[in-house]
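Notes follow once the structure below has been shown.
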Amino acid sequence: MEKSDEEEEEEEESESDESEEEEPKLKYERVGNDLSDILRKDAASCMAVHEKFLALGTHWGMVHVLDHQGNRISSKEYAVHQTTVNQISLDQNGDNMASCSDDGKVAVHGLYSTDDNILMNYDCPIKAVALDPNFSRHNSGKMYVTGGDKLILHEKGWLSRYKTQELHKGEGPIRVIKWRGPFIAWANDMGVKMYDTSSKKRITYIARDNTQLRPELYRCNMCWKDDTTLLIGWGDSIKVCKVKERDPHDVRDLPSRYVEITAMFKLDFYVCGIAPLGDQLVVLAHVLEENEDGTQSSARPQLRILEPHMDTHDEISSDALSIRGFQEYRCNDYHLEYIEEDRQFFIVAPKDIVVAKLRDQDDHISWLMEHELFEEALLAAEASEQSLKRHNVMDIGMTYINFLREEGQYDKAAEMCVKILGKNKELWEQEVFKFLKDKQLKAISPFIPRGDVRLKPAFYELVLNEFLLTDHEGFHQLIKDWSPDLYNIQVIINAVQTKLEMDPQNKVLLRSLAELHTYDKRYDKALAIYLKLGHEDVFPLIHKHNLFSSIQDKIVMLMDFDTERAVRLLIDNLERIPIEKVVHQLEPRPKLLYLYLDTLFQKDPHIGQDFHAMQVKLYAEFDRARLLPFLRSSNYYPLQKALEECQQRNFIPEMVFLLGRMGNTKQALHLITEELQDVDKAIEFAKEHDDEELWEDLISSSMDKPAFITGLLQNIGTHVDPIILIKRIPEGLEIPGLRDSLVKILQDFNLQISLREGCKKILVSDCYTLMSRLNRQQKRGLRVEESDRCESCCAPVIVDDSRSASNISVFYCHHVFHQDCLPYNTETCTLCNAQRRRPGSAGIFRK
């Protein structure tokens, strides 16, 4: 059956995913040194590990104490056994070591003291031994447990004699024992059991799953993950067991603790060893592979990391191990021991020992770099820079930059230089030189340091020259962006001028040269180039560097480039650029001159008075609409010359104004009536000058023009007696709207009479009011206050709005009297009259 395209794509994707190499979790080292010599002559049968040392048992019955690198810690050898050492056990402190063998001997050796040394002989092979983790403690009982065909607990008692307690028997040989805290776990051919030394009771029995597996080929592998969790790997299955406290209210006669299986699953390989790694498991796997003849042979052992679940597991990683002679080994030939604190795992084979360690950040970075994942390597290095021993950010970054260059990714390599090279001037110069060799200076140009760190000028000149040869726009942008302090300006100017010799009209290079001249403070040269190009930077350059003296002979060029801005510049800087010079240069260009003088006049009508005569002609030529307002506003042009200009162009309104201003009102009126034939304008002109002769001329010239007569009848009533006009109208002349005009004259007359009478009434009323006010003031004199008193009786004089003041007399001398206190018909102050009669006194009347 053929596969569809989608199925083929899915298969390809899955194959590609499988082909992607995952980073290993562990790294491996072969333990050598003295260990290599030992295994060359002997073969390893078991091993116990401690954070301080290794204890290796061999098939010749030897026990060797080595450091983690395989060096002998001392020259002492523990040769107490005569055949294979089956198991070695260490106490928690690493002070004591127990070993057992098929020769029936069990030996306990103190590594630092011989006080607790023990050598026991049994009449059967001893397959397993375990020391109390607290064996080295004082008054601990110096307990240990041995496993042959029985499980026996030994405890030191009175007079240093050991007493024994049989914990189990009758189910075959005990093949492995693991003791942690109060719990002793052991395995025989039937399964795993556990004993609680605190309650002195056996608390569980876990039966073996596959009873068909021969124990001498597939032994049980156990280890304690922590004080309550036991890991069991047996054959092709794994169990995770948890010791738990029983409910204290349970009345049944049961141990206070029980064991619960928290995970149990099958595998596709055989377990040679098991160890914890956090919440995961490290499993040493023995794999059988099919041969062509149908037989099975041993493949390389594998170290797998599994994440356990209740009835299944996830495989995190799997590493095939290069163990010497693996083809000849069976499952029970391998052992897995671990140091919990350092997370080191020792894979023990008869002729080889390999240690697996968790990969640190250095290993992680090495793997990333080996797989060309440099960006991830950089991020990892930056995140843990303090803890790195073999790597650093600089080396990784330089490797990455070199890699990018080799791959042709020059833009990205240049961008990385900023992050990696930082402020290292020497490294920057080296990298710029490398980019130069690769002809990729343009790629690194945006990133070259130009701030606190600066390279030698030659490097910046190299970059500029590269752009000058290949990219003129880019060269100009660099000239604008880079500070001129970075390079030798004259060197670059010479290079640009050389290039312009071959292409003199290149606008981009000309702009660049102008920028360079500006940096070099040769503003006149820069200005000349900008004017030649008509570039917008002309005006900012003039303002910024005060180049007004340089443009006094370039007015026309400025005006041609941007008339509006040029005019504004000239008008705003009259003290620097005299009007005379501007006018002189613009005279050949009347249009430009008109624009300049018009703007000048709008700013100040008096400032350019010397050129108002010239302006008359310019307005007449380019903007007649503004001529008449100019003629009205200015007093500085010659009237006769202005009139001639207007006569040449037959500008009647302007001629009328000029003739009126010159006093030739009759001619002006003649132009209005004959040329313009505008009665309203004629009447307005006559009203403006208010001359009887002018009105007479207007009336005379209107007698043959009925429309004019109508206009006069409607508008001259306030200036000329209408009767005069009416009497002069020829008999029989038809005048349009005569009746309405006459009615209007009468209405205007009535309105005038009414206005005069109204004014007369107002005048009479005002006169009467003023006279009355004068009389009252003469009688009342000055204002009377409430605090005033009568000068005769000294009684208070009270005057307010609600009381009449007719019984009070106030004189100009400010003396106040009640009228009842004065003589009848007295017109003068009696007090002042009395004083005046005294010798030497004077009148004190005041107005």
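Counting with full-length UniProt numbering, you get residues 1 to 847 for the letters of the sequence shown.
Built from N, CA and C at the ideal position, the CB exists for glycine as well.
What you are looking at is a predicted structure, and each value in this text was computed from that prediction instead of being measured.
Residue burial classification, residue i (beta-carbon count within 10 angstroms, cutoff 16)
{"i": "Q615", "result": "buried"}
{"i": "V797", "result": "buried"}
{"i": "M502", "result": "exposed"}
{"i": "E827", "result": "exposed"}
{"i": "G781", "result": "Per-residue confidence for G781 stands at a pLDDT of 49, beneath the threshold of 50, marking its modelled position as unreliable; no derived number is given."}
{"i": "A625", "result": "exposed"}
{"i": "N86", "result": "buried"}
{"i": "A805", "result": "With a pLDDT of 49 at A805, under the threshold of 50, the predicted position of this residue should be treated as unreliable, and no value is reported."}
{"i": "T312", "result": "exposed"}
{"i": "G397", "result": "buried"}
Cα-Cα separation, residue i to residue j
{"i": "G843", "j": "C832", "result": "Note that G843 scores 35 on pLDDT, short of 50, meaning its location in the model is unreliable and no value can be drawn from it."}
{"i": "R632", "j": "R576", "result": "31 Å"}
{"i": "S802", "j": "F817", "result": "Note that S802 scores 41 on pLDDT, short of 50, meaning its location in the model is unreliable; the coordinates nonetheless yield the value given after this. The straight-line gap from Cα to Cα measures roughly 20 Å."}
{"i": "P484", "j": "V491", "result": "11 Å"}
{"i": "G69", "j": "R405", "result": "The amino acid at residue 69 is misidentified as Gly; the sequence shows Gln. Taking the straight line from one Cα to the other gives about 41 Å."}
{"i": "R522", "j": "N573", "result": "22 Å"}
{"i": "L56", "j": "P248", "result": "44 Å"}
{"i": "C759", "j": "F685", "result": "30 Å"}
{"i": "D623", "j": "F630", "result": "11 Å"}
{"i": "Q327", "j": "V129", "result": "30 Å"}
{"i": "I353", "j": "N33", "result": "11 Å"}
{"i": "C124", "j": "P173", "result": "10 Å"}
{"i": "I347", "j": "L119", "result": "29 Å"}
{"i": "E515", "j": "I479", "result": "7 Å"}
{"i": "residue 848", "j": "P182", "result": "The structure shown does not extend to residue 848, since the chain spans only 1 to 847, so no value can be given for it."}
{"i": "I529", "j": "I493", "result": "14 Å"}
{"i": "residue 852", "j": "T599", "result": "Residue coverage of the chain in this structure runs from 1 to 847, which leaves residue 852 outside it and unanswerable."}
{"i": "L643", "j": "L533", "result": "44 Å"}
{"i": "E466", "j": "F435", "result": "11 Å"}
{"i": "H109", "j": "K142", "result": "12 Å"}
{"i": "H517", "j": "R589", "result": "31 Å"}
{"i": "L217", "j": "E407", "result": "54 Å"}
{"i": "T204", "j": "D268", "result": "27 Å"}
{"i": "M97", "j": "T295", "result": "42 Å"}
{"i": "M190", "j": "N392", "result": "55 Å"}
{"i": "R72", "j": "L66", "result": "4 Å"}
{"i": "P449", "j": "T470", "result": "22 Å"}
Distance between beta carbons of residue j and residue i, contact taken as under 8 Å
{"i": "E654", "j": "L627", "result": "6 Å"}
{"i": "K244", "j": "I261", "result": "In fact, because the Cβ distance is near 11 Å, the residues do not count as touching under 8 Å."}
{"i": "Y334", "j": "L284", "result": "6 Å"}
{"i": "D452", "j": "K423", "result": "7 Å"}
{"i": "L455", "j": "V432", "result": "7 Å"}
{"i": "G474", "j": "K442", "result": "7 Å"}
{"i": "K178", "j": "W224", "result": "6 Å"}
{"i": "I672", "j": "K681", "result": "5 Å"}
{"i": "A613", "j": "C646", "result": "Contact doesn't hold; Cβ gap of about 13 Å is too wide."}
Given residue i as reference, the closest of the options once Cα atoms are compared
{"i": "D132", "options": "Y112, G104 and D95", "result": "D95"}
{"i": "G104", "options": "I73, G147, V63 and D115", "result": "G147"}
{"i": "L26", "options": "R137, G273, A187 and D360", "result": "D360"}
{"i": "V31", "options": "A383, V259, L462 and R324", "result": "R324"}
{"i": "R304", "options": "N121, N291, Y270 and Q296", "result": "Y270"}
{"i": "K437", "options": "A383, F459 and E292", "result": "F459"}
{"i": "A43", "options": "Y218, I448 and W60", "result": "W60"}
{"i": "S366", "options": "R219, A263, A381 and A356", "result": "A381"}
{"i": "D91", "options": "R137, L167 and K127", "result": "R137"}
{"i": "R300", "options": "E564, D766 and V287", "result": "V287"}
{"i": "E372", "options": "P350, R343 and N402", "result": "N402"}
{"i": "V355", "options": "D362, Q585 and R343", "result": "R343"}
{"i": "R568", "options": "F539, E580 and Q552", "result": "F539"}
{"i": "Y329", "options": "S317, S298 and L527", "result": "S298"}
{"i": "P308", "options": "G294, C829, V282 and N332", "result": "V282"}
{"i": "D524", "options": "L509, P638, N506 and K544", "result": "K544"}
{"i": "D562", "options": "N807, Y596, E587 and S550", "result": "Y596"}
- [ ] Tell me the start and end of each unbroken alpha helix (DSSP H) in the region 383 to 456 that is at least 4 residues and wholly inside, in chain order.
- [x] 393 to 406, 410 to 421, 425 to 437 and 441 to 444
- [ ] Could you tell me which uninterrupted alpha helix (DSSP H) segments, each at least 4 residues in length, are contained entirely in the region 480 to 508, listed from first to last along the chain?
- [x] 489 to 502
Task: Completely contained beta strand (DSSP E) runs for the region 123 to 210, where each covers 3 or more residues - done: You should have 128 to 131, 144 to 147, 150 to 156, 162 to 169, 176 to 180, 183 to 187, 191 to 196 and 201 to 207.
Open item on the list: My parser needs the beta strand (DSSP E) runs of 3 or more residues fully inside the region 66 to 117; what are they?
Closed with: 85 to 90, 96 to 101 and 105 to 110
- [ ] List in chain order: all unbroken alpha helix (DSSP H) runs of 4+ residues lying wholly within the region 557 to 584.
- [x] Considered as a whole, the region 557 to 584 harbours 563 to 572 as its complete alpha helix (DSSP H) runs of no fewer than 4 residues, in chain order.
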